[in-house]
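Asks:
Number of protein chains: 2
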Amino acid sequence: MLNYVPNDVARSLSKKSTKTIALFVPDITNPFFNELALAVEKVTQLYGYTTILCNTNESAKIERQYIQNLKQKYIDGFIMATNTLTEEEIDQLDIPMVAVDRSSSPVIPTVTSKNRDGAQLAVQALLRQGCSKIAHIRGPKGLWIAEERCQGYLDLVENMPWFTPKLIVNGNFQLKEAAEAAKKLFKEHPDIDGVFAGNDLMAIGTLRALQEHGIRVPDQVQIIGYDGISLAEMVYPELSTVSQSIYEMGMIAARILIKKIEQIHLDEENHQLEVKLIQRGTTRHG
Amino acid sequence: MLNYVPNDVARSLSKKSTKTIALFVPDITNPFFNELALAVEKVTQLYGYTTILCNTNESAKIERQYIQNLKQKYIDGFIMATNTLTEEEIDQLDIPMVAVDRSSSPVIPTVTSKNRDGAQLAVQALLRQGCSKIAHIRGPKGLWIAEERCQGYLDLVENMPWFTPKLIVNGNFQLKEAAEAAKKLFKEHPDIDGVFAGNDLMAIGTLRALQEHGIRVPDQVQIIGYDGISLAEMVYPELSTVSQSIYEMGMIAARILIKKIEQIHLDEENHQLEVKLIQRGTTRHG
DNA sequence: GAGGAATGTGTAACCGGTTACCTATTTTGA
DNA sequence: TCAAAATAGGTAACCGGTTACACATTCCTC
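Heads up: the protein sequence lines correspond to chains A and B, in order. The opening residue of the first sequence carries number 1 in the working numbering; numbering runs sequentially from there. The opening residue of the second sequence carries number 287 in the working numbering; numbering runs sequentially from there.
#1: Kindly indicate if chain A contains any beta-carbon less than 7 Å away from that of B/Gln565.
#2: Helix, strand or coil, according to DSSP, for B/Ala518 in the structure here?
#3: What did DSSP end up calling B/Val497 once you bin it into helix, strand or coil?
#4: Tell me the rounded alpha-carbon separation between B/Leu461 and A/Val221.
#5: Please classify B/Val384 as buried or exposed, where buried requires at least 16 neighbouring CB atoms within 10 angstroms.
#6: Just to confirm, are B/Ile509 and B/Thr568 a CB contact at a threshold of 7 Å?
#7: Which residues bound the beta strand (DSSP E) around A/Ala39?
#8: At what residues does the alpha helix (DSSP H) containing B/Ala405 begin and finish?
#9: Quick check on the burial criterion: 16 or more other C-beta atoms within 10 angstroms. Buried or exposed for A/Tyr49?
#10: Shorter than 7 Å from the beta carbon of B/Ser360 to some beta carbon of chain A?
#11: Taking the alpha helix (DSSP H) that A/Cys150 belongs to, which residues open and close that run?
#12: For A/Val98, would you say it is in contact with chain B, using Cβ-to-Cβ distances shorter than 7 Å as the test?
#13: Would a C-beta distance cut-off of 7 Å place B/Thr495 and B/Ala468 closer than the cut-off?
#14: Determine, using beta carbons only, whether B/Thr337 and B/Pro312 come nearer to each other than 7 Å.
#15: Measuring only between beta-carbons, confirm whether B/Pro317 sits less than 7 Å from chain A.
#16: Taking the C-alpha atoms as reference points, what is the distance between B/Ser300 and B/Val393?
#17: Please determine if the stretch 359–376 of chain B and the stretch 312–324 of chain B are in contact, where contact requires at least 3 C-beta pairs separated by less than 8 Å.
#18: Name the one or two DSSP bridge partners that A/Arg138 has.
#19: Taking the beta carbon of A/Tyr4 as the centre, do at least 16 other beta carbons fall within 10 Å, making it buried, or is it exposed?
#20: Can you look up A/Val9 in the DSSP assignment and give me helix, strand or coil?
#21: Please check if any C-beta of chain B sits within less than 7 Å of the C-beta of A/Val9.
#22: Hey, A/Arg116 and A/Gly152: beta-carbon distance below 7 Å or not?
#23: B/Ser298 versus chain A: which residues are under 9 Å apart at the beta carbon?
#24: Restricting to Cα atoms, I'd like to know which of A/Asp227, A/Glu268 and A/Leu46 is closest to A/Pro31.
Structure below.
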């Protein structure tokens with residue numbers, strides 16, 4: 001008889017390992033993280049690991065709870081798309097860990113994209129395509145990727161005659177908040193004709209706000225987002241965006257984590273992925 | 287010293303239970319299932335259980351793999367928002383199980399909404415608000431909830447002089463497919479002035495297709511979706527929809543499952559939740 | 001104060017694998 | 001052919017809890 005199935009729990013107990021890793025995401029309803037999860041899962045499965053998805057809902061408390069809970073269960077490692085943990089905590093956790101998209105500490109390997117370059121790409125395109133007053137809907141204060149993208153925007157517009165810091169408003173990476181922010185922004189500056197949003201969700205929120213006010217996109221205002229989530233192709237007009245290879249980010253992060261778990265040497269712990277500008281319906285390109 | 291932390295794996299081994307349940311969803315990128323997951327997680331956490339989210343990607347193979355894998359890990363129960371398993375399989379699995387939204391077998395407790403009633407609600411509203419030719423973008427053939435919603439539509443329009451079965455087209459519950467289907471539909475029947483879609487995603491796809499063709503919503507065509515996902519409020523115009531309490535569905539399913547696991551008696555295994563029509567920007571209501 | 005119940009403590013077996021170690025067998029080479 | 005080495009098979013301890021059962025102690029009642 002060959003119908004013997006080993007008992008995973010018993011094995012885990014003696015090996016102190018479960019062949020399971022956890023992916024922490026701050027917001028499961030953001031398609032960006034879903035695509036990331038798909039990629040991570042694919043790679044881990046290939047190596048015989050199971051992935052479990054943890055939605056922290058942007059809450060540090062939930063995140064810590066999950067971590068304690070999972071450590072007790074002999075989880076083998078973490079991929080963090082969140083950044084609430086302090087450096088100390090990570091140090092004393094003493095479990096293989098990789099950061100993706102957002103990074104909370106320089107001590108752990110990080111996979112991210114060239115945010116500043118990407119932002120410049122977007123703003124360049126807006127300028128080239130005739131915009132004469134460009135606003136930026138930015139992500140949360142203190143979040144590294146939001147700062148970088150904002151910086152990329154500033155790099156190109158800071159010295160423009162029309163520039164004022166009031167053209168930068170916060171949308172917290174969320175659709176609804178960005179829509180609100182955009183409404184206020186356009187009320188105060190009706191002559192804005194270009195918007196670079198810190199992520200696609202906020203760009204879509206901006207689009208929605210403009211449509212509500214009867215402002216034509218891209219005729220009157222051009223919009224570019226950031227991320228390249230599939231939702232960007234599902235709105236009308238389709239969203240122009242700075243696309244990062246989300247799938248690749250997930251795959252690389254997963255591979256790095258597994259190597260760390262299995263103690264295989266890594267030549268390069270950090271990865272910065274290239275981004276590319278995809279122009280669609282919200283911009284007036286060639 | 288009170289810093290003793292019991293070892294979960296050892297406990298699981300001897301108790302043959304992990305205080306963990308799994309939620310299976312067919313498509314993690316569909317916001318409906320995210321909202322469901324949030325609800326399930328909330329309840330299970332309350333009862334001391336951990337939930338793990340499994341994305342089956344509509345694939346029966348992946349689903350079976352997960353199930354095998356998890357059974358070996360002493361999972362305590364399953365909540366299935368999928369319907370690929372056969373009745374036999376469920377029987378011989380011999381693990382507490384609850385179906386939510388979709389049901390694959392009458393032998394397991396099911397939490398769903400009054401689909402047929404909901405569809406009627408939508409079509410009634412369209413008729414009342416002046417539509418004289420209403421189409422239906424339906425969900426996958428063979429899927430119970432899709433059939434029910436289609437039936438609800440038929441209940442009201444089957445005997446109308448303008449009705450023809452060609453007004454029913456398949457969109458597979460997906461945004462893109464529905465947009466394509468809608469385009470074709472409107473090319474053949476330009477006089478359609480109302481659409482009831484089998485879910486919100488398809489309604490949004492329809493909206494997108496119409497916008498692309500310069501057809502004004504709700505002036506020329508009114509649209510109603512089904513589900514009440516939050517994305518419905520994020521498009522412009524905001525989508526009118528038949529809202530089911532997704533959160534409640536998740537909570538009820540979780541509670542039923544936990545009771546089954548802990549062998550507490552249930553008076554009522556099946557639940558059919560009420561739905562309500564929410565009119566927003568895609569309909570011309572009073 | 002003795003008999004019985006009620007409560008407390010201690011120990012060993014068990015959950016089902018992994019692994020280190022010891023003995024038995026086969027293989028290899030001089 | 002025989003000793004040493006390589007391989008095979010078997011056993012016991014261990015991972016870290018749970019639980020059942022034996023035994024000791026306290027309490028209550030007549």
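Glycine included, every Cβ here is placed at the ideal spot set by N, Cα and C. The structure presented is a predicted model; accordingly, all values stated were derived computationally and were not measured.
Replies: The short version:
#1: False, the Cβ-Cβ gap to chain A never drops below 7 Å.
#2: helix
#3: According to the sequence provided, residue 497 of chain B is Gln. The question's Val does not apply to it. Helix at B/Gln497.
#4: Cα to Cα, the separation comes out at about 26 Å.
#5: With 16 or more Cβ atoms within 10 Å of its Cβ, B/Val384 is classed as buried.
#6: yes
#7: Premise fails: A/Ala39 lies in the alpha helix (DSSP H), Pro31 to Leu46, not in any beta strand (DSSP E).
#8: Asn401 to Arg414
#9: Buried.
#10: The question names Ser, yet the displayed sequence has Tyr at residue 360 of chain B. Yes, because at least one Cβ of chain A sits closer than 7 Å to the Cβ of B/Tyr360.
#11: In the DSSP annotation of this structure, the continuous segment of the alpha helix (DSSP H) that includes A/Cys150 starts and ends at Trp144 to Val157.
#12: No, A/Val98 does not count as interfacial toward chain B.
#13: The sequence as given places Ala at residue 495 of chain B; Thr does not occur at that position. Yes, the pair counts as a contact, with Cβ atoms nearer than the cut-off.
#14: no
#15: Yes, B/Pro317 lies at the interface with chain A (some Cβ there is under 7 Å from its Cβ).
#16: 30 Å
#17: Three or more Cβ pairs closer than 8 Å define a contact, and the stretch 359–376 of chain B meets that threshold against the stretch 312–324 of chain B.
#18: A/Asn170
#19: The residue in question, A/Tyr4, is exposed, as its Cβ has fewer than 16 Cβ neighbours within 10 Å.
#20: helix
#21: yes
#22: yes
#23: Val9, Ser12, Leu13 and Lys73
#24: A/Asp227
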